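Chemist: Numbers 1 to 213, taken from UniProt numbering, label the letters of the sequence shown in order. Beta carbons: idealized from backbone N, C-alpha and C, even for Gly. Here the structure is a predicted model, which is why all the values come from computation and not from measurement.
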Amino acid sequence: MPTHSAPDGTRPACRDLGDGDGDPVVRVPGGPTDSRSLGDLGGLSGHRRLALPDLRGTGRSAIPDESASHRCDRLVGDIEALRVHLGLDRIDLLGTEGTGTDWDAISPFFYGRWDAAARQHHADCRPANREAVTRFGEEGAFDPPAMRTALAGVTVPVLQLTGEFDLNSPPDVVAGFAGLFPDARLAVQPGAGHYPWLDDQEGFTAGDFLARP
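1. Tell me where the beta strand (DSSP E) around P53 begins and ends.
2. Assuming L151 and F181 make a contact with CB atoms under 8 angstroms, what is their CB distance in whole Å?
3. Per DSSP, G163 is paired with what?
4. At the 8 angstroms Cβ level, is V28 part of the contact set with chain B, yes or no?
5. According to DSSP, simplified to helix, strand and coil, what is residue 257?
6. Could you spell out the range, first to last residue, of the beta strand (DSSP E) harbouring D92?
7. Comparing alpha-carbon positions, which option in G191, P145, P157 and D143 lies nearest D166?
8. Would you call the segment 20-29 and the segment 78-92 touching, i.e. three or more CB-CB distances under 8 angstroms?
9. For V174, count neighbouring Cβ atoms within 10 angstroms of its own Cβ and tell me buried if that reaches 16, exposed if not.
10. Please state whether DSSP places V173 in a helix, a strand or coil.
11. With respect to the alpha helix (DSSP H) encompassing R83, which residues constitute its N-terminal and C-terminal limits?
12. Output the boundary residues of the beta strand (DSSP E) element that contains L198.
13. Within a Cβ cutoff of 6 angstroms, which residues of the same chain sit near R197, ignoring the five residues on either side of it in sequence?
14. Check each candidate in L50, S61, G18 and S37 and name the one with the smallest Cα separation from T3.
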């Protein structure tokens, strides 16, 4: 898997998926997981090329020398380094929510079903590097006032998508988050939970939004 250099010298890995023309969509997995966690997002790779980074310390990305750099706010520099590595002035960025709560306890409620396939998907996506989990959301990672100010200055269009029955990111909470952006649209996928690309692949694919001018 190709790697590039992050600002601190860590080498994150990123793989390509899809055969479409044009610049790739950079898809950042929920943290802290690697790029396998979301598959191809319900067939999105049939519409656009995807650049799929593994978060630092997960998958095939290197484990950083400084363990504190597993913290989620350090990922900004990694994604910027990836943009430069890809030679792009700007990117279509697709992010998915991740949490530091107890996945074993709450994951059964994220899926529309908790059958054998869902359990296997969950097991396959658990990072082997437990430090990446424990340090992802540690103290100092979040600064809500600064984040609100920064989001108010985002000038590009934003799509916020959640599942109708997502207990982790319920529609009313996501609607409030969308309100922090000057130009954001909320989409609620009917009948879906926390992994809407598993519940309804065709309904999830965001090709129309990504095809905008």
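Modeler: To lay it out plainly:
1. Taking the first residue of the sequence shown as position 1, residue 53 is located at position 53. Where P53 is concerned, the enclosing beta strand (DSSP E) stretches over L50 to P53.
2. One-based indexing of the sequence shown puts residue 151 at position 151. One-based indexing of the sequence shown puts residue 181 at position 181. Correct: roughly 6 angstroms between the Cβ atoms.
3. Taking the first residue of the sequence shown as position 1, residue 163 is located at position 163. The beta-bridge partner set that DSSP reports for G163 consists of Q189.
4. Within the model displayed, chain B is absent; a lone protein chain is all it includes.
5. Residue 257 is absent from the model: the chain starts at 1 and stops at 213.
6. For the purposes of this step, residue 92 is taken as the residue at position 92 of the sequence shown. For D92, the enclosing beta strand (DSSP E) begins and ends at D92 to G95.
7. Against the sequence shown, residue 166 aligns to sequence position 166. The shortest C-alpha separation from D166 is found at G191.
8. Contact between the segment 20-29 and the segment 78-92 is established, with three or more Cβ pairs separated by less than 8 angstroms.
9. Working through the sequence shown from its first residue, we reach residue 174 at position 174. Under this definition V174 is a buried residue.
10. As a working mapping, residue 173 is identified with position 173 in the sequence shown. Annotated three-state conformation of V173 is helix, per DSSP.
11. The residue you call residue 83 lines up with position 83 of the sequence shown. Looking at the DSSP string, the run of the alpha helix (DSSP H) that includes R83 is L75 to L86.
12. Within the sequence shown, numbered from 1, the residue matching residue 198 stands at position 198. For L198, no beta strand (DSSP E) segment is defined; the enclosing uninterrupted segment is the alpha helix (DSSP H) at P196 to D199.
13. Counting from 1 along the sequence shown, the entry for residue 197 is found at position 197. Arg is not the amino acid found at residue 197; the sequence shown has Trp there. Counting only Cβ-Cβ distances below 6 angstroms, and skipping sequence neighbours, we find L41, G42 and F204.
14. Locating residue 3 in the sequence shown gives position 3, counting from the first residue. For the options L50, S61, G18 and S37, the alpha carbon positioned closest to that of T3 is the one of S61.
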